[in-house]
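Peer 1: Below are the structure tokens for one structure; questions will follow.
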Amino acid sequence: MFASVLSAAILGIEVRPVQVEADVSNGLPSFTMVGFPSAQVKEAQDRVRTALKNNGFQFPPKKITVNLAPADMKKEGAGFDMPVAAAVMAAFEMIKPQVLEGVMMSGEISLNGEIHEVSGILPMVLCARDLGCRLCVVPYGNLKEGRLIRDVPVAGVKNLQELMQCLNDPEPYIQREKQEEPEDGRKRNQLDFADIEGQESAKRAAEIAVSGFHNILFIGPPGTGKTMLARRLPTIMPGISFEEKLELTKIYSIAGLLARDHPLISQRPFRSPHHTSTAYALAGGGRNPRPGEITLAHRGVLFLDEMPEFSRSSLELLRQPLEDKVIHIARVSGTYTFPADFMLCAAMNPCPCGYYPDLNRCTCTPGAVAGYLGKISRPLLDRIDISTEVPPISFEQLHQGKRGENSEVIRSRVERVQKLQRERYKDMDIKFNGQLRSSQIDRFCPVTDSGARLLARAFERIAFSARSYHRILKVARTIADMEGEEKIASHHIGEALSYRVFDKESVIK
Numbered sequence: 001m002f003a004s005v006l007s008a009a010i011l012g013i014e015v016r017p018v019q020v021e022a023d024v025s026n027g028l029p030s031f032t033m034v035g036f037p038s039a040q041v042k043e044a045q046d047r048v049r050t051a052l053k054n055n056g057f058q059f060p061p062k063k064i065t066v067n068l069a070p071a072d073m074k075k076e077g078a079g080f081d082m083p084v085a086a087a088v089m090a091a092f093e094m095i096k097p098q099v100l101e102g103v104m105m106s107g108e109i110s111l112n113g114e115i116h117e118v119s120g121i122l123p124m125v126l127c128a129r130d131l132g133c134r135l136c137v138v139p140y141g142n143l144k145e146g147r148l149i150r151d152v153p154v155a156g157v158k159n160l161q162e163l164m165q166c167l168n169d170p171e172p173y174i175q176r177e178k179q180e181e182p183e184d185g186r187k188r189n190q191l192d193f194a195d196i197e198g199q200e201s202a203k204r205a206a207e208i209a210v211s212g213f214h215n216i217l218f219i220g221p222p223g224t225g226k227t228m229l230a231r232r233l234p235t236i237m238p239g240i241s242f243e244e245k246l247e248l249t250k251i252y253s254i255a256g257l258l259a260r261d262h263p264l265i266s267q268r269p270f271r272s273p274h275h276t277s278t279a280y281a282l283a284g285g286g287r288n289p290r291p292g293e294i295t296l297a298h299r300g301v302l303f304l305d306e307m308p309e310f311s312r313s314s315l316e317l318l319r320q321p322l323e324d325k326v327i328h329i330a331r332v333s334g335t336y337t338f339p340a341d342f343m344l345c346a347a348m349n350p351c352p353c354g355y356y357p358d359l360n361r362c363t364c365t366p367g368a369v370a371g372y373l374g375k376i377s378r379p380l381l382d383r384i385d386i387s388t389e390v391p392p393i394s395f396e397q398l399h400q401g402k403r404g405e406n407s408e409v410i411r412s413r414v415e416r417v418q419k420l421q422r423e424r425y426k427d428m429d430i431k432f433n434g435q436l437r438s439s440q441i442d443r444f445c446p447v448t449d450s451g452a453r454l455l456a457r458a459f460e461r462i463a464f465s466a467r468s469y470h471r472i473l474k475v476a477r478t479i480a481d482m483e484g485e486e487k488i489a490s491h492h493i494g495e496a497l498s499y500r501v502f503d504k505e506s507v508i509k
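Each residue of the sequence shown is one higher than the one before, counting from 1 in full-length UniProt numbering.
Written as structure tokens, this is what we have:
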């Protein structure tokens, strides 16, 4: 007897449908799996056979062959357990093979027949919707995640007995504990810009960076608030649309990082990998590549604290995704593309001890300072639009305890500026000034005569690269938008130039 059911394989962040076929015939009793399964997938035959036996499903000794089609694509993960079990039960006529038509399923089965949650359920349900499936069957632990997609019925089952009942009569399991997922499933961020005392210039730079989606670097001694500023950047970012929430949830589902009770990602991500993280951890990888920190920061902030402490290879791999907003990973099995449209925020000390240029406290030699700063390559620095100093806080500022503007006030200004940019670029494939390409600079960054003269004088004194020139104009464009100006004036250029700390002779020695 032959039977088949749909499942799905995850390749990078893409989902490919897999037809799980089972055939039972006379011959030497055996259980064979074909169709390019990995060792982990092959283990399903022992899990399924033992789980069926432990749940009272008796079947005669036959030759069982399971095929995972297409055979030219390697299958990874434990999610094929449930479709294999369903196809085998249908092949033995424990259930009618017709009940598997138009059904997609995924889940891991334990030896006692319980069905455990797996990663990647949301993209699987999206795939089922695109294929026009009539039903998705998922582990009960993944039910809330699967129901984020409302265009296809999703049923959750806890064990093999429920799986059989669900396939024969799915309606009770579709309606099981059905409730609307709250729009904001996660606890709101309690951080606020008002917590930061002083540092008005750094907060101004942060607002400009978020308004135009520019990359930013904070430079200053330890304890001046660099990390506090970085962690509060998401609080002044505008909210994300439902489509963006689904996009982020899909990424986190594949990475296995979704919360069971509140699976919908409703806030912009903030990722802060440790400086010991490898290049693979940042970019993603593995035999079947999974998202790395760069992709997990998509639509949000990637924060690199103590940036020079990261390995050179880890930092240099940022160059391509900062330009292309995607990251490509090549493997023998194929090339995978991951989204990487993030805002880079980095923090660093001006020297190894952290107190340069205060020579009364700094104990570093000029060579040590140069070596420390030299860990970050010039091509990478050119891709950072804003680099600003975060100086020590005075006793008076700390003692007064004066609170500044809160995140809500700043976010309202950011939303206004970003709305202006979306209207300007509505017929283009970009949304923010920070995404402008060099070919678009002349069109969207008109400069007044006085501004052009100031820019020319700056180039005479500091050897800017062509990329730095474009970055200065893009930041100046954002500053002008914040003031509602159509043309970029000299004071806009002047402020943008002030955010090129690494280009000043007083910093690089």
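Even glycine gets a Cβ: it sits at the ideal position worked out from N, Cα and C.
Could you tell me which uninterrupted alpha helix (DSSP H) segments, each at least 4 residues in length, are contained entirely in the region 258-335, listed from first to last along the chain?
Peer 2: The region 258-335 contains these whole alpha helix (DSSP H) runs: 279-283, 293-296, 312-316 and 319-324.
Peer 1: Should L111 go down as buried or exposed, given a rule of 16 or more other Cβ atoms within 10 Å for buried?
Peer 2: Here residue 111 refers to the residue found at position 111 when the sequence shown is read from its first residue. Under this definition L111 is an exposed residue.
Peer 1: From what residue to what residue does the alpha helix (DSSP H) around N67 run?
Peer 2: In the sequence shown, counting from the first residue as 1, residue 67 sits at position 67. No alpha helix (DSSP H) contains N67, which is instead part of the beta strand (DSSP E) from K63 to A69.
Peer 1: Look up L111 in the DSSP assignment and say whether it is helix, strand or coil.
Peer 2: As a working note, residue 111 is residue 111 in the sequence shown. The three-state secondary structure of L111, taken from DSSP, is coil.
Peer 1: Count the other C-beta atoms from every protein chain shown that fall within 10 angstroms of the C-beta of K419, then say buried if there are 16 or more, exposed otherwise.
Peer 2: Here residue 419 refers to the residue found at position 419 of the sequence shown. Per the 10 Å Cβ criterion, exposed.
Peer 1: Check for me: the alpha helix (DSSP H) holding C127 runs from which residue to which?
Peer 2: Translated into the one-based positions of the sequence shown, residue 127 becomes position 127. Where C127 is concerned, the enclosing alpha helix (DSSP H) stretches over I121 to L131.
Peer 1: Which residue comes first and which comes last in the beta strand (DSSP E) that contains S387?
Peer 2: Translated into positions along the sequence shown, residue 387 becomes position 387. Per DSSP, S387 belongs to the beta strand (DSSP E) from I386 to E389.
Peer 1: Put S253 into one of helix, strand or coil per three-state DSSP.
Peer 2: The sequence position of residue 253 within the sequence shown is 253, counting from 1. In the structure shown, S253 sits in a helix (DSSP, three-state: H, G or I).
Peer 1: Quick one: is K426 buried, meaning 16 or more other Cβ sit within 10 Å of its Cβ, or exposed?
Peer 2: Along the sequence shown, read from residue 1 onward, the residue named residue 426 stands at position 426. That one is exposed.
Peer 1: Starting from the C-beta of V152, find all residues in its chain whose C-beta is less than 7 Å away, skip the five residues before and the five after it, and write them out in chain order.
Peer 2: Start at 1 with the first residue of the sequence shown, and residue 152 comes out as number 152. If we look at V152 and ignore the five residues flanking it on each side, its Cβ neighbours are V125, A128, R129, C133 and C136.
Peer 1: When the Cα of E486 is compared with those of R477, Y140 and I493, which residue comes out closest?
Peer 2: Residue numbering aside, residue 486 sits at position 486 when the sequence shown is read from its first letter. E486 has its Cα closest to that of R477, out of R477, Y140 and I493.
Peer 1: Just to confirm, are L229 and A51 a CB contact at a threshold of 8 Å?
Peer 2: The residue given as residue 229 occupies position 229 in the sequence shown. The residue given as residue 51 occupies position 51 in the sequence shown. Taking 8 Å as the Cβ cut-off, L229 and A51 do not qualify as a contacting pair.
Peer 1: Buried or exposed for P139, please, with buried defined as at least 16 other CB atoms from any protein chain shown within 10 angstroms of its CB.
Peer 2: Locating residue 139 in the sequence shown gives position 139, where the first residue counts as 1. Buried.
Peer 1: Let's see if you can read the secondary structure: which residues bound the beta strand (DSSP E) around A14?
Peer 2: Counting from 1 along the sequence shown, the entry for residue 14 is found at position 14. Here the sequence assigns Glu to residue 14, which means Ala is not the residue at that position. Here the beta strand (DSSP E) through E14 covers E14 to S25.
Peer 1: Go through the region 366-443 residue by residue and report every complete run of the alpha helix (DSSP H) that reaches 4 residues or more, in order.
Peer 2: 366-373, 378-382, 395-400 and 407-424
Peer 1: With 16 as the cutoff for other CB atoms within 10 Å, does F218 come out buried or exposed?
Peer 2: For the purposes of this step, residue 218 is identified with residue 218 of the sequence shown, where counting begins at 1. Under this definition F218 is a buried residue.
Peer 1: Between which two residues does the alpha helix (DSSP H) containing S450 stretch?
Peer 2: Reading the sequence shown from its first residue, position 450 is the one you call residue 450. D449 to R461 is the extent of the alpha helix (DSSP H) around S450.
Peer 1: Counting contacts by CB-CB distance shorter than 8 Å, is A466 in contact with chain B?
Peer 2: Looking at the structure shown, chain B is missing, and only one protein chain is on hand.
Peer 1: Identify whether N168 lies in helix, strand or coil by the three-state DSSP scheme.
Peer 2: The sequence position of residue 168 within the sequence shown is 168, counting from 1. Here N168 sits in helix by DSSP.
Peer 1: To the nearest angstrom, report how far apart L143 and G284 are at their CA atoms.
Peer 2: Your numbering for residue 143 matches position 143 in the sequence shown. Your numbering for residue 284 matches position 284 in the sequence shown. C-alpha separation (whole angstroms): 27 Å.
Peer 1: What three-state label does DSSP hand V5 in the structure shown?
Peer 2: On the sequence shown, residue 5 is found 5 positions in, with the first residue counted as 1. In the three-state DSSP reduction, V5 falls in the strand class (E or B).
Peer 1: How about D341: is its Cβ closer than 7 Å to a heavy atom in the ligand SAM?
Peer 2: Absence of the ligand SAM from the depicted structure is noted, as is the absence of any ligand whatsoever, leaving it without description.
Peer 1: As a quick exercise: from P350, L380, R383 and P366, pick the residue whose alpha carbon is nearest that of V390.
Peer 2: Translated into positions along the sequence shown, residue 390 becomes position 390. Closest in alpha carbon position to V390, among P350, L380, R383 and P366, is P350.
Peer 1: Would the beta-carbon of A3 fall within 8 Å of that of P61?
Peer 2: For the purposes of this step, residue 3 is identified with residue 3 of the sequence shown, where counting begins at 1. For the purposes of this step, residue 61 is identified with residue 61 of the sequence shown, where counting begins at 1. No; because the gap between Cβ atoms is not below 8 Å, this pair is not in contact.
Peer 1: Between T295, P263 and H262, which lies nearest to R271 when the distance is taken from Cα to Cα?
Peer 2: As a position in the sequence shown, residue 271 is number 271, starting the count at 1. Considering only alpha carbons, the answer is T295.
Peer 1: Report yes if the C-beta distance between K245 and S266 is below 8 Å; otherwise report no.
Peer 2: Indexing the sequence shown from 1 puts residue 245 at position 245. Indexing the sequence shown from 1 puts residue 266 at position 266. Yes; because the gap between Cβ atoms is below 8 Å, this pair is in contact.
Peer 1: What is the DSSP secondary structure of V501, reduced to helix, strand or coil?
Peer 2: Locating residue 501 in the sequence shown gives position 501, where the first residue counts as 1. Helix, per DSSP.
Peer 1: What is the DSSP secondary structure of N142, counted as helix, strand or coil?
Peer 2: Here residue 142 refers to the residue found at position 142 of the sequence shown. In the three-state DSSP reduction, N142 falls in the helix class (H, G or I).
Peer 1: In three-state DSSP terms, what is V84?
Peer 2: Position 84 of the sequence shown holds residue 84. In this structure, V84 counts as helix in the three-state DSSP scheme.
Peer 1: Have a look at H491 and L454 and give me their C-alpha separation to the nearest angstrom.
Peer 2: For the purposes of this step, residue 491 is taken as the residue at position 491 of the sequence shown. For the purposes of this step, residue 454 is taken as the residue at position 454 of the sequence shown. The alpha-carbon atoms of H491 and L454 are separated by roughly 9 Å.
Peer 1: State whether the region 70-87 contacts the region 3-14, with contact taken as three or more CB pairs (one from each stretch) at a distance under 8 Å.
Peer 2: Taking one beta carbon from each stretch, the region 70-87 and the region 3-14 have 3 or more pairs nearer than 8 Å; the two touch.
Peer 1: Tell me whether T249 is buried or exposed, calling it buried when 16 or more other Cβ atoms sit within 10 Å of its Cβ.
Peer 2: Within the sequence shown, the letter at position 249 stands for residue 249. It is buried - the Cβ of T249 has at least 16 other Cβ atoms within 10 Å.
Peer 1: Compare the beta carbon distance of Q45 and F31 with 8 Å and say whether it is the shorter of the two.
Peer 2: Residue 45 sits at position 45 when you count from the first residue of the sequence shown. Residue 31 sits at position 31 when you count from the first residue of the sequence shown. Yes; because the gap between Cβ atoms is below 8 Å, this pair is in contact.
Peer 1: Suppose you measure from the CA of I493 to the CA of S313; what does that come to, to the nearest Å?
Peer 2: Within the sequence shown, numbered from 1, the residue matching residue 493 stands at position 493. Within the sequence shown, numbered from 1, the residue matching residue 313 stands at position 313. Taking the straight line joining both Cα atoms gives about 34 Å.
Peer 1: According to DSSP, is V41 helix, strand or coil?
Peer 2: As a position in the sequence shown, residue 41 is number 41, starting the count at 1. Correct three-state label for V41: helix.
Peer 1: If you reduce the DSSP assignment to three classes, tell me which class F31 lands in.
Peer 2: Within the sequence shown, the letter at position 31 stands for residue 31. The answer is strand: DSSP assigns F31 an E or B state.
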